[in-house]
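In what follows, a structure is listed as structure tokens, so that the remarks can point back to it.
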Amino acid sequence: MSEASNRCPWCGNDPLYVAYHDTEWGKKVTDDQIFFEFLILESAQAGLSWITVLKKREGYRKLFAGFDPVKVAEFTEQQIDKIAQDPAIIRHRGKVAAAVNNAKVFLTIQKEFGSFYNYLYTFMPNGQPIQNQLASMKEAPTSTSQSDALSKDLKKRGIKFFGTTICYAFMQAVGMVNDHLDSCDFKN
């Protein structure tokens, strides 16, 4: 954990949350496997706090084949049932089944666009991340026209548990949007 004196206040002082804030949140991702990981994790978050999901991240990694979308897309109903009962993750059969469904859609999008990254950035102004200028977290939106459009398109394609608010959180997580406060030492 870094000893930065200025951080976004949402991460508090939980070491897991602070490490996530300092090393991942808002950093631009280009790797499709990482996009798939956050697609699963963010959709699992629906209705819960992000720290709950972070604490179960390793369980997800283990049970979801290291976040390999090809392997997850092949999970059977029996595997879904077994995974949904494992306390290493959030035990919600609908979300586990959605992850398998979402893996199939993810692979279709990859094939159509060459990569999930290429697809995602068709929704971004000039194909670039948005660098917001925020003095306080009260100024941070929970959704935008980009998250609305991306969420709507993903839903049309069959993605589940990925409304505009979850979509915006995904965009923040993978650096499509940088919502670090201007005063945050990790804004870069």
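Oh and the sequence shown: position 28 is 28 in the UniProt record's numbering, straight run, nothing missing. Even glycine gets a Cβ: it sits at the ideal position worked out from N, Cα and C.
Between the C-alpha atoms of residue i and residue j, what's the straight-line distance to the nearest angstrom?
i, j, result
"S115", "L181", "30 angstroms"
"Y17", "E74", "32 angstroms"
"K55", "E112", "34 angstroms"
"Q131", "A98", "31 angstroms"
"F161", "V96", "10 angstroms"
"I51", "F170", "14 angstroms"
"A84", "E77", "10 angstroms"
"Q79", "S183", "46 angstroms"
"V174", "F35", "7 angstroms"
"A140", "V53", "21 angstroms"
"N102", "V72", "9 angstroms"
"F106", "H92", "21 angstroms"
"Y60", "D81", "15 angstroms"
"residue 189", "Y117", "This structure gives no information on residue 189, because the portion of the chain shown stretches from 1 to 188."
"L48", "G127", "31 angstroms"
"R7", "F186", "7 angstroms"
Assign residue i to one of three DSSP states: helix, strand, or coil.
i, result
"D81", "helix"
"M1", "In this prediction, M1 scores a pLDDT of 46, lower than 50, which makes its location untrustworthy; no coordinate-derived value is stated."
"V29", "coil"
"Q133", "coil"
"N118", "helix"
"N126", "helix"
So is residue i buried or exposed if we call it buried at 16+ other beta carbons inside 10 Å?
i, result
"T164", "buried"
"S2", "For S2, the pLDDT reaches just 47, beneath the cut-off of 50, and the residue's location in the model is therefore unreliable, although a value from the coordinates is still provided. S2 is exposed by the Cβ-count criterion."
"S43", "buried"
"E37", "buried"
"Q45", "buried"
"L41", "buried"
"P15", "exposed"
"D31", "exposed"
Starting from residue i and walking both ways along the alpha helix (DSSP H), at which residues does that stretch end?
i, result
"C167", "164-173"
"W50", "50-55"
"A98", "93-113"
"D148", "145-157"
"D14", "Note, D14: premise wrong, no alpha helix (DSSP H); not H, not E."
"K71", "69-73"
Problem - Given 8 angstroms, three or more beta-carbon pairs between the segment 107-124 and the segment 144-161 - result: yes
Exercise for the section: Kindly confirm or deny that the segment 20-34 and the segment 134-146 touch, where touching means at least three C-beta pairs closer than 8 angstroms. Expected result: no
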